[in-house]
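Protein chains in written order, with the numbering used here: chain B, 983 to 1261; chain V, 2 to 239.
Note that beta-carbon positions come from the ideal geometry of N, C-alpha and C, so glycine has one too.
Report on the structure given below.
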Amino acid sequence: MQQRINKTASPSLSLGDFESTIGENLLDNSKISTRDVNVSYGDKQAIYDASLDIGHNQVIALIGPSGCGKSTFLRCLNRMNDTIAICKVSGKLMLDGEDIYDKKMDPVLLRARVGMVFQKPNPFPKSIYDNVAYGPRIHGLARSNAEVDEIVITSLEKAGLFEEVKDRLNAPGTSLSGGQQQRLCIARTIAVSPEIILMDEPASALDPIATAIIEELIDELRQNYTIVIVTHSMQQAARVSQRTAYFHMGRIVEVGDTSRIFTNPRHEMTENYITGKFG
Amino acid sequence: MNQDTPLGGHISKRFDNELEDIRHQVLAMGGLVETQVSNGLRGLFESDSEIAQRVVQDDDKVDRMEVNIDDQCLKILARRQPAASDLRLVVAIIKTINDLERIGDQAEKLGRNQLELIDDDAGSSHCMKLEHLGELVSKMLNKALDSFARMDVDEALKTIGLDEKINDEYDGMMRQLITHMMEDPRTIRNALRVSWCARALERIGDHSKNICEHVVFLVQGKDVRHIGLKEQVEMASK
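Here is the structure:
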């Protein structure tokens, strides 16, 4: 027995370089397409040559250690980085063939098409109804109050919240529980009929039950929307996404089907991260 | 835990230790099962009722090891939610110990049949026909366990190839036994017992093959079950 144990071989894998992404980062028919995206904050480069396609009606999870650039990449997709003066973005980012960073692209309209849900639920200090109605009103998506009512109800239903709040639509959004507030934010995002929903750790501030509800919701939303989710929870990425991209030090190391990434990753860095061999 | 071993290097050293611990226990279980098979064969060849009795009794130890390792794997799955190579290791271990337990059962069958042959005062002459098959099976089990210990895909694939030889040997032996039974019906009773022993050895070959397939899955993440050897080699080398 001892002899057998001592004969164990060392792993033959080597780290190698990770200059170029391995796996299936490009798709034939994508909703969002990025090529050679570089992002820097002043002198500090945060993303290097990121090329990634995101398919229609799929959930893609962006995973990686803190500071690896996944949130920065996410924020490029609806130009949230425009709000940071020192942030510079170069490369191609296309949404349905349109250049996201084209001068003619209106960032406000872009953000209606590419909605975002943040880590901490951030309802407006308004009623539940007004939180959801706000977007359709400012974007002129409803011609009458009846239409606004319909959008609010439909959005709350899609976010799985309507049954819980239908009797108190005039109560403040902030009076809801954390999980309900996050679903209210999702309803608010859905209300302006986006094509894509970006989620930046949407369940990290929630308890396991609220998290399970959000994850179930993500799976339902996938029927109608393309979803990009940043998460630190490996299990969450494995549960909710169809594709996974692993980021490390500003580069996309590996992209592939989630089931493959979590059972048989090709790059040793991906393997090490998802097995907890470095943080 | 050495950082250089395939299982080491987790941020959680306890997790490293847990994985290494179950792996060691599988190897210990493999060692015990190997001894059981070897003693089962010795009992047959030497007509030794004491050894045969011990093989039957010691099967409990194999069963208890399976339950114990299974329990630890379950705890690792629940507590650690392993992924990638860690997940494959735990799954491969769960499957491997199932095969080892079944090999233990087959070794027990060798012991039980030998005790009945001794009761009938049949002597060891019938059983000597099993010698070559027994050698092949012992070799295959040994190599399968070695490939698991070393996580060696090449060795595992080579070992899978031995199963065909074992099947051929088994078929030849069955033909021989049938001829004996037809020629002299008085030998049927003991010849049947020998054929059950041959069958047990052939099954040990199948389980050893399964263990080798688990090694390919563990190391490469490729499922090479239920395909021919040629395809297995091609798939593993891609």
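Close to chain V, meaning a Cβ-Cβ distance shorter than 9 Å, are the following residues of the region 1233 to 1253 of chain B: R1242, I1243, F1244, T1245, N1246, P1247, T1252, E1253.
The alpha-carbon of F1229 of chain B is positioned some 17 Å away from that of K1026 of chain B. Counting only Cβ-Cβ distances below 8 Å, M1216 of chain B has contacts in chain V at Q82, A84, in chain order. For I12 of chain V, the nearest CB of chain B lies under 9 Å from its own CB, placing it at the interface with that chain. The straight-line gap separating the alpha-carbon atoms of H1249 of chain B and S1241 of chain B is approximately 15 Å. Per the coordinates, the alpha-carbon of S48 of chain V lies some 10 Å from the alpha-carbon of L42 of chain V. The Cβ of G1005 of chain B sits no closer than 9 Å to any Cβ of chain V. For the region 204 to 230 of chain V, residues whose beta-carbon sits nearer than 7 Å to a beta-carbon of chain B comprise G222.
Sixteen is the threshold: when 16 or more other Cβ atoms of the shown chains lie within 10 Å of the Cβ of T160 of chain V, as they do, the residue is buried. Annotated three-state conformation of V225 of chain V is coil, per DSSP.
The C-alpha of L1143 of chain B lies about 7 Å from the C-alpha of Q1162 of chain B. Shown here, S1157 of chain B sits in a helix according to DSSP, grouped into three states. Contact between the region 166 to 179 of chain V and the region 199 to 214 of chain V is present: 3 or more CB-CB pairs across the two stretches fall below 8 Å.
Put simply, of V:A237, V:E232, V:Q221 the residue whose alpha carbon is nearest the alpha carbon of D87 of chain V is V:Q221.
For the region 1048 to 1082 of chain B, the beta-carbon criterion of a distance under 7 Å to any beta-carbon of chain V is satisfied by none of its residues. For C1058 of chain B, no beta strand (DSSP E) segment is defined; the enclosing uninterrupted segment is the alpha helix (DSSP H) at 1052 to 1058. For T1208 of chain B, the enclosing beta strand (DSSP E) stretches over residues 1208 to 1212. K1074 of chain B is a Cβ neighbour of S1015 of chain B, given a cutoff of 9 Å. Using a 10 angstroms sphere on the CB of L158 of chain V, the tally of other CB atoms reaches 16 or more, which defines it as buried. DSSP lists B:S1072 as the beta-bridge partner residues of N1020 of chain B. T1003 of chain B sits in coil when the DSSP states are folded into three classes, being neither helix nor strand.
Contact of F16 of chain V with chain B is assigned, a C-beta pair being separated by under 9 Å.
Within the region 1095 to 1121 of chain B, contact with chain V at the beta-carbon level (separation under 9 Å) is assigned to no residue. In the three-state DSSP reduction, S1012 of chain B falls in the strand class (E or B). Note on N1152 of chain B: under 16 other CB atoms within 10 angstroms of its CB, so exposed under the neighbour-count rule.
Interface flag for L88 of chain V against chain B is set, since a Cβ pair is found closer than 9 Å. Taken atom to atom, the span from the alpha-carbon of A84 of chain V to that of I1256 of chain B is near 6 Å.
Taking a 10 Å sphere around the C-beta of R1125 of chain B, we find fewer than 16 other C-beta atoms and assign the residue as exposed. DSSP links R80 of chain V through a beta bridge to no other residue.
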